[in-house]
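Q:
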Amino acid sequence: MENDNIHLGTWTNWSRGPVFGATVTTTKQYGNFLVAFTAFYIAFVATRSWRILALILHRCRSNPAPQLTFLRQRQIILRNASNAESSLILFIRLCWAWRKLPARRILSLLPEIALAFGCIAAFTVAGGFSSSISTAIGDEVLIRGDNCAILSPPTNTSDLDLILPIRSQRLNQDATYAQQCYQSNASLSECTRFVVSHLPTSSVNTNAKCPFQSEICQTQDHNIQLDTGYLNSHDHLGINAPETQRFALRYVLQCAPLKSEGHTSEVSYEGLPCVKYRYGVKKSGSSDNFRIDDYVFLEKDISVQYSSGSLSGRNFKVSVVLSTSFTPAPELRVPDGDLSLVFLSGYGVGFIEPLDDAWYRATTASGYAMDSRSTGNVTVYGPREAASPMACVEKWQWCNLAYPYMSGCGPLTGKVDALNGAAPFFNLTRSDVDAGDRSQLSNVGTRLIWSAISILESTTGLQVLVTLGAKSLASQDRLYSGIQSPLPNDQWQLDVKHWFEIILSSIQSSFVNKALGFPAGADVPRLLPENTVERELCNSQKIRSTAYTSFSLFGLYFIFLVGAAIILTSFILEPILTCLYNGRRKKQHYANLEWASNTSLQLHRLAHEKLEQGEWSNCVEEIPTTELDVELAGLDVTDPARPTINKIDNGNPAGSETEVELTDMAVTSARPSMERESITADVYDNNTSTSPTPILEEETITGSGASRV
558 MENDNIHLGT
568 WTNWSRGPVF
578 GATVTTTKQY
588 GNFLVAFTAF
598 YIAFVATRSW
608 RILALILHRC
618 RSNPAPQLTF
628 LRQRQIILRN
638 ASNAESSLIL
648 FIRLCWAWRK
658 LPARRILSLL
668 PEIALAFGCI
678 AAFTVAGGFS
688 SSISTAIGDE
698 VLIRGDNCAI
708 LSPPTNTSDL
718 DLILPIRSQR
728 LNQDATYAQQ
738 CYQSNASLSE
748 CTRFVVSHLP
758 TSSVNTNAKC
768 PFQSEICQTQ
778 DHNIQLDTGY
788 LNSHDHLGIN
798 APETQRFALR
808 YVLQCAPLKS
818 EGHTSEVSYE
828 GLPCVKYRYG
838 VKKSGSSDNF
848 RIDDYVFLEK
858 DISVQYSSGS
868 LSGRNFKVSV
878 VLSTSFTPAP
888 ELRVPDGDLS
898 LVFLSGYGVG
908 FIEPLDDAWY
918 RATTASGYAM
928 DSRSTGNVTV
938 YGPREAASPM
948 ACVEKWQWCN
958 LAYPYMSGCG
968 PLTGKVDALN
978 GAAPFFNLTR
988 SDVDAGDRSQ
998 LSNVGTRLIW
1008 SAISILESTT
1018 GLQVLVTLGA
1028 KSLASQDRLY
1038 SGIQSPLPND
1048 QWQLDVKHWF
1058 EIILSSIQSS
1068 FVNKALGFPA
1078 GADVPRLLPE
1088 NTVERELCNS
1098 QKIRSTAYTS
1108 FSLFGLYFIF
1118 LVGAAIILTS
1128 FILEPILTCL
1138 YNGRRKKQHY
1148 ANLEWASNTS
1158 LQLHRLAHEK
1168 LEQGEWSNCV
1178 EEIPTTELDV
1188 ELAGLDVTDP
1198 ARPTINKIDN
1208 GNPAGSETEV
1218 ELTDMAVTSA
1228 RPSMERESIT
1238 ADVYDNNTST
1248 SPTPILEEET
1258 ITGSGASRV
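Next comes the structure, spelled out in structure tokens:
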């Protein structure tokens, strides 16, 4: 799996340039932690930013002259509110509490409210940006190319046993990917393997002219040509590199159904009637038994293909004759491309409706039963001939993008000629390309050759049809148990488009498969990187993966460095201002003192000191102090609507209940007086007359002093 071979750490994503492209990739778990920590950090920076703004506002608003209560309270809010949110709420409440003031007085708070709101808005956006340092980067990651290798060509039968299963598996994956991701209704969630979900097609011409001599094509102007345009090695193929080290690749496919009249002959082969297709001569056999046949393809006659009365389980047969295995007839020769022939045989498939398609040609009626459960024959249709021929021309082109716009391109031609033609633009000669000694190539030449090998040695181009066969047909989606549902008359063009998509998918996967390579110790014939540039290319392949999280290093540095500067400034600005203006300029000195005195603890000191409670020190510091044994009074809540601070008289809060301690002497001296008052009271009661009640005076002795009751 790719996810086990991902580079963790720092790297440069050249899609974003050398500065903004600096990236760090980590696991999802650590990524989530970093996102959360960054959000917390930004919130802390927001708090410290408001402290700077509050300090500046407080100093600007500082005034030793008498001011309205409303304005003094503003100063206290600026000094003590911990963040912009709490300040904004307090400012709004302050305006509401003093709503009876003239509007111009209330409006004097607008700068503070605006700054608080702006601070909140700015850091809310910054908080969103904190997540974008990951989300904006996307899900691109870099493959760790420790096992980088290219599947090498087989040299013996044992190599074939190892190579063919791998190629078959990869090609089937490419076909599945093309079917899922090259359609207009493709689900993006299924197409997240490569840097782009699908390679673009710059032009699709379904009315192309016959690319061969006119007499051999079935139609002169209803053929098909597909062109990728220039595929950027970085943007489309995922090879991470700066602009000066990129190349472009172009692939063009032209196909045209061929006439078979005059190019076939009926023969008997192994006792069965067969048809030879004579579109050139075929080279076959080994070096010891080499022969040239006067035909390029041999197929069983249609009578043999449809000899069974049942259609169940039948399928088409797609056969390919590649350009390297035959010499085409003069009518088919093209000087600037690789020619391949593709033959379609029905092999028992029945069409529900006749199909006048230039390649399928299923217009011959027959009375074959649909399947074994049918009670009678059902009319179906079959092809007119044993194998319907189509000729396709493939063209390739390589460009060095370090040159001015498209001025460093080789010719648009066959595979080998395209590579040789592009060699001069990559600081190579044709002999360098043919020599095969990659260790002696220049850096730019190595980038071309190593990338070309990735494609040429993998199953690309129409070679895909050799392995896929009938599975390469788009019509397979409408084939069931040997019965072909109705198809459009241009079905052959839809098939060619599907081949083109499979080829593009295989080009995408060839570079990723090269970077992933094979596990160490795997018994697979392979080509390994031989020099530094090839190893760099192996470690430069990007894919997409949601199993990891990537961050912009520029974004992280910006957030943490700017945040650190703000935090540091918030802590050193106050002492610096204090040192600069302490006692030197009257207004600024007053501003320093007001800032120091408006803290909650200093306001607490001022309240108690005004009542002469305790001897205070550190009166312009953050925390004022008294002597160690000094006790301060609590609140007097006699009036709950207006609590005040108790005033302490000789150490006891006034109005508090004190313990009355009467000594023996005090009681003795007080008794005669009490008795006299009692007798006097009796006399007044007996006379039932009203008289003022005598006042009893006594001295109450307490542990802390005496008071008159």
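For the record, in the sequence shown the residue sitting at position 32 is 589 according to our numbering, with numbers rising by one throughout. Note that the Cβ used here is the ideal one computed from N, Cα and C, for glycine as well. Please read these numbers as outputs of a predicted model, since none were measured by experiment.
#1: Start and end of the beta strand (DSSP E) containing Thr1106?
#2: Based on DSSP bridge pairs, tell me the residues matched to Ile707.
#3: I'd like to confirm the pairing. Which residues does DSSP put opposite Lys816 in its beta bridges?
#4: Tell me the start and end of each unbroken beta strand (DSSP E) in the region 643-708 that is at least 3 residues and wholly inside, in chain order.
#5: Over the uninterrupted beta strand (DSSP E) stretch that includes Phe873, give me the two end residues.
#6: Indicate the three-state DSSP secondary structure (helix, strand or coil) for Thr569 in the structure shown.
#7: Answer yes or no: do Leu891 and Val950 have a C-beta to C-beta separation smaller than 8 Å?
#8: Kindly indicate which three-state DSSP category Ile563 falls into: helix, strand or coil?
#9: Could you tell me which residues DSSP puts in a beta bridge with Lys857?
#10: Below 8 Å between beta carbons: does that hold for Leu1130 and Ile609?
#11: Tell whether a beta-carbon distance below 8 Å holds between Ser765 and Asn742.
#12: Since Ile1006 and Leu998 should fall inside the 8 Å C-beta cutoff, what is the C-beta to C-beta distance between them, to a whole number of angstroms?
#13: Look up Ile781 in the DSSP assignment and give the residues it is bridged to.
#14: Excluding sequence positions up to five away, which residues of its chain have a Cβ less than 7 Å from the Cβ of Asn1000?
#15: When you compare the CB positions of Arg1062 and Ala805, do they come within less than 8 Å of one another, or not?
#16: For Leu728, which residues from the same chain have a beta carbon less than 7 Å from its beta carbon, with the 5 sequence-adjacent residues on both sides left out?
#17: Would you identify the three-state DSSP class for Ile633, choosing helix, strand or coil?
#18: Between which two residues does the alpha helix (DSSP H) holding Thr1089 run?
#19: Taking buried to mean at least 16 other C-beta atoms within 10 Å of its own C-beta, is Gln726 buried or exposed?
#20: Less than 8 Å between the beta carbons of Arg1162 and Trp1173, yes or no?
#21: What do you reckon, are the CB atoms on Thr785 and Arg807 nearer than 8 Å?
#22: Considering Arg918, what are the terminal residues of the beta strand (DSSP E) in which it resides?
#23: To test your reading of the DSSP string, which unbroken alpha helix (DSSP H) runs of 4 or more residues are found completely within the region 1003-1051?
#24: Quick check on Leu1185: does DSSP put it in helix, strand or coil?
#25: Gln954 bridges to which residues according to DSSP?
#26: According to DSSP, Lys1202 sits in a beta bridge with which residue or residues?
#27: Count the other CB atoms within 10 Å of the CB of Asp989; is the residue buried (16 or more) or exposed (fewer)?
#28: Where do the N-terminal and C-terminal ends of the alpha helix (DSSP H) with Tyr938 fall, by residue?
#29: Of the residues Lys1054, Gln1145, Leu1030 and Arg616, which one's Cα is nearest the Cα of Ser902?
#30: So who's on the other strand from Ala579, going by DSSP bridges?
#31: Count Cβ pairs between the region 1068-1078 and the region 1037-1047 that sit closer than 8 Å; are there 3 or more?
#32: Secondary structure at Thr712, three-state DSSP: helix, strand or coil?
#33: Identify whether Val1224 lies in helix, strand or coil by the three-state DSSP scheme.
#34: My guess is that Val576 and Gly566 are in contact by the Cβ rule of under 8 Å, so how many angstroms apart are they, rounded?
#35: Rounded to whole angstroms, how far is the Cβ of Leu889 from the Cβ of Tyr836, which I believe are closer than 8 Å?
#36: Pop quiz: Gln1098 and Ile796 are said to be a contact at Cβ under 8 Å. What is the actual Cβ separation, rounded to whole angstroms?
A: Quick look at the numbers:
#1: Tyr1105 to Ser1109
#2: Leu1084
#3: Answer is none; Lys816 lacks a bridge partner.
#4: The beta strand (DSSP E) runs of length 3 or more contained entirely in the region 643-708 are, from start to end of the chain, 697-699.
#5: Looking at the DSSP string, Phe873 is not in any beta strand (DSSP E), and its letter there is neither H nor E.
#6: Thr569 falls in the strand class under three-state DSSP.
#7: Checking the sequence shown, residue 891 turns out to be Val, not Leu. The criterion of a C-beta distance shorter than 8 Å is satisfied by Val891 and Val950.
#8: Shown here, Ile563 sits in a strand according to DSSP, grouped into three states.
#9: Cys831
#10: Taking 8 Å as the cut-off, the Cβ atoms of Leu1130 and Ile609 count as close.
#11: The residue asked about is misnamed: residue 765 is Ala in this sequence, not Ser. It is not a contact, given that the beta carbons lie outside the stated cut-off.
#12: 6 Å
#13: Cys812
#14: Leaving aside the five residues that flank Asn1000 on each side, the residues in its chain whose CB is nearer than 7 Å to its CB run, in chain order, Val1090.
#15: The amino acid occupying residue 1062 in the given sequence is Ser; Arg does not appear at that position. Contact flag unset, no.
#16: Thr1016, Val1021, Thr1024, Leu1025 and Ser1063
#17: helix
#18: Thr1089 to Cys1095
#19: exposed
#20: yes
#21: yes
#22: For Arg918, no beta strand (DSSP E) encloses it, and the DSSP letter there is neither H nor E.
#23: 1021-1025
#24: coil
#25: Arg807
#26: It should be noted that the sequence gives Ile, not Lys, for residue 1202. Leu1192, per the DSSP bridge assignment.
#27: Asp989 is classed as buried because its beta carbon has at least 16 other beta carbons within 10 Å across all chains shown.
#28: Segment Val937 to Gly939 is the beta strand (DSSP E) holding Tyr938; no alpha helix (DSSP H) there.
#29: Leu1030
#30: Thr569
#31: Taking 8 Å as the limit for Cβ pairs, the verdict is that the region 1037-1047 does not touch the region 1068-1078.
#32: coil
#33: Note on Val1224: pLDDT 38, under 50, position unreliable in the model; no value is reported.
#34: Rounded, the Cβ-Cβ distance is 18 Å, inconsistent with contact.
#35: 6 Å
#36: By a beta-carbon distance limit of 8 Å, Gln1098 contacts Ile796. Their separation comes to about 6 Å.
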